[in-house]
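Using our numbering, the letters of the sequence shown map in sequence onto residues 50 to 440.
Note that beta-carbon positions come from the ideal geometry of N, C-alpha and C, so glycine has one too.
Just so you know, these numbers come straight off a predicted model, no measurement behind them.
Take a look at the structure below.
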Amino acid sequence: MSQLYKKIYLDLLEDIKNGILKTGDKIPSENELAEKFNVSRITTKKALDMLAQRNIIERYRGKGSYVSDINNATINSTVDNINNPFLVDSNSKQDLVGFILPGFGNDYGPKLLDSIEKRCSKLNFSMVMKQTLGIPELEEKAISSLVNLGVNGLIICPSPGKHYNNALLRLVIENYPLVLVDRYLTGIPSSSVCINNKQAAVELTNYVLELGHEHIAYLSPATGGTSSLEDRLMGFHVAIAEKGVRIKPDTILLDIKSTLKNSSNSNLKKLKINDKDRNDICKLIEDNPEITAFITSEYLVAVLLYEVLESLGKKVPEDYSIACFDSPTDLIDEPFFTHVFQDEEKMGYNAVDILINHIQENDMTPIHSEVGFKIIKGRSTQSKIKNAKII
């Protein structure tokens, strides 16, 4: 049990034992206790729930909590158990950290998950994970489920989209221990851990430009409301502008949908492409024959693009170069896609440390942590000179 829960729990027990709160008396509400102890309402709810589990109080929906008809022997036994590290109460809750993410494949997620679990274990916390498939409704249910389970705090990789779900906003408003990974919520004061996506996109774009490619197309799912995608698009534009390269509006596609529910699919041959995405990419290629390279905001978009190019009889990198964010690790050969590598291990490590600090210090002041990245050269890019066709 964390020190925050324990203090509220023991203070109420002491008031009952000393007769300050008698049988039938109403216990202060969750909001009143939150204000008194300077904690979130969710924290006080857990403390009251634990008292109810031990039959110290009785809780009535819409009416409040009341002291049960108990004796001091029961209270003393409860206090002794909670202070004795060798006695385990079957009703007590261990320290838990919840981890919520859309999903993961070989390209991104496994190292982050592994890092979070290992760091939690080292700090004597257990981790509970839920996947949302990038669906806001499932994310809201996952948050409610883990909060009701009694986790001490949450690490969340938010679902993409323009609108934040109410459960997530409620956590921020109530100062619930929370850390976001991979992205941040624009305008929302919450802790986050991610790379500098804008700078990473600048460097990735510069790498492709330095290969001699001046006509570069950009592909991404809708960027609105997803900070990582917005920053990557901004970085692409910055790099292009700094080089004085002109870009046509119709060479930027920002509405790729095929990848949204395929977050755990990293197989080049099995990604399901909807007709609109295929047609949009084919039209971009047909209308812009000068294009020699593509940059995509995500690995799965690069996979989708690769399959479309292959269906058109085009080769990568001979006909087109492709660079993206994230890629599966190839233990035998260099990775296929030239990509931005994110330090997932450090990301998970930092996220846990920030969250535990929030929990133990009861200080929810937002902390933003940037972790490192690097450009990994793969087999999907080559110099434009090599791409040139000899007539």
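Cβ neighbour criterion (16 or more within 10 Å) applied to residue i
i: residue 295; result: exposed
i: residue 227; result: buried
i: residue 341; result: buried
i: residue 430; result: buried
i: residue 110; result: exposed
i: residue 118; result: exposed
i: residue 304; result: exposed
i: residue 326; result: buried
i: residue 170; result: exposed
i: residue 63; result: exposed
i: residue 432; result: exposed
i: residue 71; result: exposed
i: residue 298; result: exposed
i: residue 224; result: buried
i: residue 421; result: exposed
i: residue 1; result: Nothing in the structure corresponds to residue 1, since the chain is present only between 50 and 440.
Whole-Å CB distance - residue i paired with residue j, under 8 Å assumed
i: residue 221; j: residue 400; result: About 16 Å separates the two Cβ atoms, so there is no contact after all.
i: residue 389; j: residue 374; result: 5 Å
i: residue 73; j: residue 115; result: 6 Å
i: residue 292; j: residue 307; result: Residue 292 to residue 307, Cβ: 30 Å. No contact.
i: residue 288; j: residue 258; result: 7 Å
i: residue 180; j: residue 207; result: Contact doesn't hold; Cβ gap of about 13 Å is too wide.
Residue i - partner residues in DSSP beta bridges
i: residue 275; result: For residue 275, which the question treats as bridged, DSSP gives no partner whatsoever.
i: residue 99; result: For residue 99, which the question treats as bridged, DSSP gives no partner whatsoever.
i: residue 391; result: 422
i: residue 373; result: 388
i: residue 213; result: BP columns for residue 213 are empty, so no partner.
i: residue 180; result: 150
i: residue 108; result: 114
i: residue 68; result: Answer is none; residue 68 lacks a bridge partner.
i: residue 417; result: 241
CB contact below 8 Å: residue i versus chain B
i: residue 154; result: Among the protein chains of the structure shown there is no chain B, as only one such chain exists.
Stretch pair the stretch 281 to 298 + the stretch 250 to 264: three plus CB contacts closer than 8 Å: Touching, per the Cβ criterion.
If we require 4 or more residues per run, which alpha helix (DSSP H) segments fall completely within the stretch 242 to 313? Those alpha helix (DSSP H) runs which fall completely within the stretch 242 to 313 and span 4+ residues are 246 to 259 and 276 to 291.
Please determine if the stretch 194 to 202 and the stretch 258 to 272 are in contact, where contact requires at least 3 C-beta pairs separated by less than 8 Å. As far as the Cβ criterion goes, the stretch 194 to 202 does not touch the stretch 258 to 272, which means the pair count is below three.
Would you check if there are 3 or more beta carbon pairs closer than 8 Å linking the stretch 234 to 252 to the stretch 410 to 423? They touch, by the three-pair rule.
Quick check: the stretch 395 to 411 against the stretch 352 to 359, are at least 3 beta-carbon pairs closer than 8 Å? Contact fails: fewer than three Cβ-Cβ distances are below 8 Å.
Determine, using beta-carbon pairs with one atom in the stretch 209 to 216 and one in the stretch 153 to 167, whether at least three such pairs fall under 8 Å. Touching, no, given that fewer than three Cβ pairs across the two stretches are closer than 8 Å.
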